[in-house]
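**Q**
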Amino acid sequence: MMEGVIVRGRGGFYTARDAAGNEFVLRAKKKFRRQKISPLVGDRILFTPGEGEAEGKEEDGWVEEILPRTSQCLRPPVANVTLLCIVAAPRPAPDWLLVDKLLIFARKQDIRTLLILNKADLKEAEAAAAQARAMYAGAKMEVCCVSAQSGQDVESLKSYLSGHTCCFSGQSGVGKSTLLNALFGLSQETGDISRKIQRGKNTTRHAELFTFGDISVIDTPGFSLLEMDEAFDPVLLRDYYPEFELYAGQCRFSPCYHGSEPGCAVLQAAKEGRINAERLERYHILLADCRQAWRDRYD
Ligand SMILES: Nc1nc2c(ncn2[C@@H]2O[C@H](COP(=O)(O)OP(=O)(O)OP(=O)(O)O)[C@@H](O)[C@H]2O)c(=O)[nH]1
Ligand SMILES: [Mg+2]
Ligand SMILES: [Zn+2]
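Numbering (the working numbering), first residue to last: 4 to 302.
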């Protein structure tokens, strides 16, 4: 058996790459279906390569084992990511709620995060960067501003990615693929933003992993909707907000959801500008979602 990493998968076929850079097309053994797991891009696997040309017909190779995952994301479905790069841009208009959800998913999996604000060449970029920094400083997420188009700060982004398996995630049209092309000289397909609705056109259709020295990056299809992956006790949501930590134990009620309870230290801090009000407002939206999902969990 050989060892490799799954770099792409479509229609039940998976492409694995070995350490020497050779690629093998494989199918998954039936046992995975019984175990209700499927190989994901980023998975480290053991496999048997195909036999080559047997009677003019290439035989499939097989994914034999999926090695233990260090992390697993559902949206996008990828494995073993160590740094989630949330890519946003002034255009299409940032969906910060989506960013917050991605941040929560990453923290649940102990994946580090980086917010990449692309299209720094656009005139609205400076305001968007200031807003992002104000919102995410307390959330302990760094913000990097780059322009894939002009190349501004693209090289310095590499120092953040170094040593990681990174996943580029975010709305369609923010420039994930363009940025990968600029970083590593790739020629992935990119798409315009529709004029009428100012949205990306879902150009990238499948996740794909690329490796350059000590950086692995997975490009993924953009999306605009993101559901909470699994219901969890809504009281746990606040644990994913580092900005609340300073006020732990200071609320009148215990547990306090920092929703609308009287004597809540977090609400007070937001009122006094010590916690970003927009982040708190979106936390309240997610708290309501979380409570709903928790109530419906047996349906
Ligand atoms: N002005 C400007 N435009 C950019 C920049 N980076 C990308 N774009 C443009 O943004 C559009 C979308 O780029 P893509 O790379 O296809 O976006 P994506 O995030 O990969 O989109 P999906 O694959 O649909 O998820 C294209 O028209 C790019 O030329 C940038 O730094 N500045
Ligand atoms: Mg793309
Ligand atoms: Zn509280």
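We put the beta carbon where it would ideally sit given N, CA and C, even for glycine.
These numbers were taken from a predicted model, which means no experiment stands behind them.
Tell me whether Met4 is buried or exposed, calling it buried when 16 or more other Cβ atoms sit within 10 Å of its Cβ.
**A** The residue labelled residue 4 in the question sits at position 1 within the sequence shown. Exposed.
**Q** Exposed or buried, what is Phe171 when buried is set at 16 or more other beta-carbons lying within 10 Å of its beta-carbon?
**A** Looking up residue 171 in the sequence shown gives position 168. Buried, by the Cβ-count rule.
**Q** In chain order, what residues of the same chain lie with their CB nearer than 6 Å to the CB of Val269, ignoring the 5 residues before and after it?
**A** If you number the sequence shown from 1, residue 269 lands on position 266. Contacts found: Phe247, Tyr250, His261.
**Q** Return yes when the Cβ of Ser180 is within less than 7 Å of the Cβ of Asp222, no when it is not.
**A** As a working mapping, residue 222 is identified with position 219 in the sequence shown. As a working mapping, residue 180 is identified with position 177 in the sequence shown. Result yes, Cβ atoms of Asp222 and Ser180 sit closer than 7 Å.
**Q** Could you name the residues that DSSP lists as bridge partners for Gly176?
**A** In the sequence shown, counting from the first residue as 1, residue 176 sits at position 173. In DSSP, Gly176 forms no bridge with anything.
**Q** With ligand 3 as the reference, list in chain order each residue whose Cβ lies under 5 Å from any of its heavy atoms.
**A** Here the residues come out as Cys254, Cys259, His261, Cys267, Val269.
**Q** Taking the C-alpha atoms as reference points, what is the distance between Glu56 and Leu189?
**A** In the sequence shown, the residue the question calls residue 56 occupies position 53. In the sequence shown, the residue the question calls residue 189 occupies position 186. Confidence is the limiting factor: at Glu56 the pLDDT is only 49, short of 50, which leaves the residue's position unreliable, though a coordinate-based value still follows. Rounded to the nearest angstrom, the two C-alpha atoms are 31 Å apart.
**Q** Just verifying my parser: in three-state terms, what is the DSSP assignment at Met5?
**A** For the purposes of this step, residue 5 is identified with residue 2 of the sequence shown, where counting begins at 1. It is a strand residue.
**Q** Out of Gln155, Asp299, Val66, which has the shortest C-alpha to C-alpha gap to Gly12?
**A** Locating residue 12 in the sequence shown gives position 9, where the first residue counts as 1. Closest option to Gly12, Cα to Cα, is Val66.
**Q** Ala23 to Thr214, Cα distance in whole Å?
**A** Position 20 of the sequence shown, counted from the first residue, corresponds to residue 23. Position 211 of the sequence shown, counted from the first residue, corresponds to residue 214. Cα to Cα, Ala23 sits roughly 12 Å from Thr214.
**Q** Where do the ends of the alpha helix (DSSP H) carrying Asp17 lie?
**A** As a working mapping, residue 17 is identified with position 14 in the sequence shown. The amino acid occupying residue 17 in the given sequence is Tyr; Asp does not appear at that position. Per DSSP, Tyr17 belongs to no alpha helix (DSSP H); it is in the beta strand (DSSP E), 16-20.
**Q** Is the Cβ-Cβ distance between Asn184 and Val149 less than 7 Å?
**A** Here residue 184 corresponds to residue number 181 of the sequence shown, with the count starting at 1. Here residue 149 corresponds to residue number 146 of the sequence shown, with the count starting at 1. Cβ atoms of Asn184 and Val149: not closer than 7 Å.
**Q** What does the alpha-carbon distance come out to for the pair Leu290 and Pro265?
**A** The residue you call residue 290 lines up with position 287 of the sequence shown. The residue you call residue 265 lines up with position 262 of the sequence shown. Whole-angstrom Cα-Cα distance: 17 Å.
**Q** Write down every uninterrupted run of the beta strand (DSSP E) in the stretch 84-114 whose length is 3 residues or greater and which is fully enclosed by it, in chain order.
**A** The qualifying runs are 86-91.
**Q** Does at least one heavy atom of ligand 2 sit under 6 Å from the Cβ of Lys179?
**A** The count along the sequence shown starts at 1 and reaches residue 179 at position 176. Under cutoff, so the answer is yes.
**Q** Taking 6 Å as the cut-off, is the beta-carbon of Ala151 closer than that to any non-hydrogen atom of ligand 1?
**A** Position 148 of the sequence shown, counting from 1, holds the residue named residue 151. Yes, the Cβ of Ala151 comes within 6 Å of a heavy atom of ligand 1.
**Q** Cα separation between Ala132 and Ile200?
**A** Indexing the sequence shown from 1 puts residue 132 at position 129. Indexing the sequence shown from 1 puts residue 200 at position 197. Cα-Cα distance, rounded: 23 Å.
**Q** Out of Arg36, Val90, Glu54, which has the shortest C-alpha to C-alpha gap to Glu62?
**A** Working through the sequence shown from its first residue, we reach residue 62 at position 59. For Glu62, the nearest C-alpha among the options comes from Glu54.
**Q** Can you give me the C-alpha to C-alpha distance between Pro258 and Phe235, rounded to a whole angstrom?
**A** Locating residue 258 in the sequence shown gives position 255, counting from the first residue. Locating residue 235 in the sequence shown gives position 232, counting from the first residue. Pro258 and Phe235: Cα-Cα distance of roughly 16 Å.
**Q** Between which two residues does the beta strand (DSSP E) containing Glu67 stretch?
**A** Against the sequence shown, residue 67 aligns to sequence position 64. Counting along the chain, the beta strand (DSSP E) containing Glu67 begins and ends at 64-69.
**Q** At a threshold of 6 Å, does Gly154 count as lining ligand 1 (C-beta to nearest heavy atom)?
**A** To locate residue 154, count along the sequence shown from 1; it is residue 151. No, the beta carbon of Gly154 sits no closer than 6 Å to any heavy atom of ligand 1.
**Q** Any idea what DSSP makes of Gln295, helix, strand or coil?
**A** The residue labelled residue 295 in the question sits at position 292 within the sequence shown. Residue state, collapsed to three classes: helix.
**Q** According to DSSP, is Ser219 part of a helix, a strand, or is it coil?
**A** Here residue 219 corresponds to residue number 216 of the sequence shown, with the count starting at 1. Strand, per DSSP.
**Q** Once you ignore the five residues that flank Pro97 on each side, which residues in its own chain have a CB closer than 7 Å to its CB?
**A** Residue numbering aside, residue 97 sits at position 94 when the sequence shown is read from its first letter. Excluding positions up to five away in sequence, the list reads Ala91, Ala131.
**Q** Should the stretch 73-80 be called in touch with the stretch 15-33, which here means at least 3 C-beta pairs below 8 Å?
**A** Segments in contact, no.
**Q** Would you check whether ligand 1 has a heavy atom nearer than 6 Å to the C-beta of Lys126?
**A** As a position in the sequence shown, residue 126 is number 123, starting the count at 1. No, the Cβ of Lys126 stays beyond 6 Å of every heavy atom of ligand 1.
**Q** Does DSSP put Leu29 in a helix, a strand or coil?
**A** Position 26 of the sequence shown, counting from 1, holds the residue named residue 29. Of the three classes helix, strand and coil, the one that applies to Leu29 here is strand, per DSSP.
**Q** What are the start and end residues of the beta strand (DSSP E) that includes Glu145?
**A** The count along the sequence shown starts at 1 and reaches residue 145 at position 142. Taken as a continuous stretch (DSSP letters only), the beta strand (DSSP E) holding Glu145 covers 145-148.
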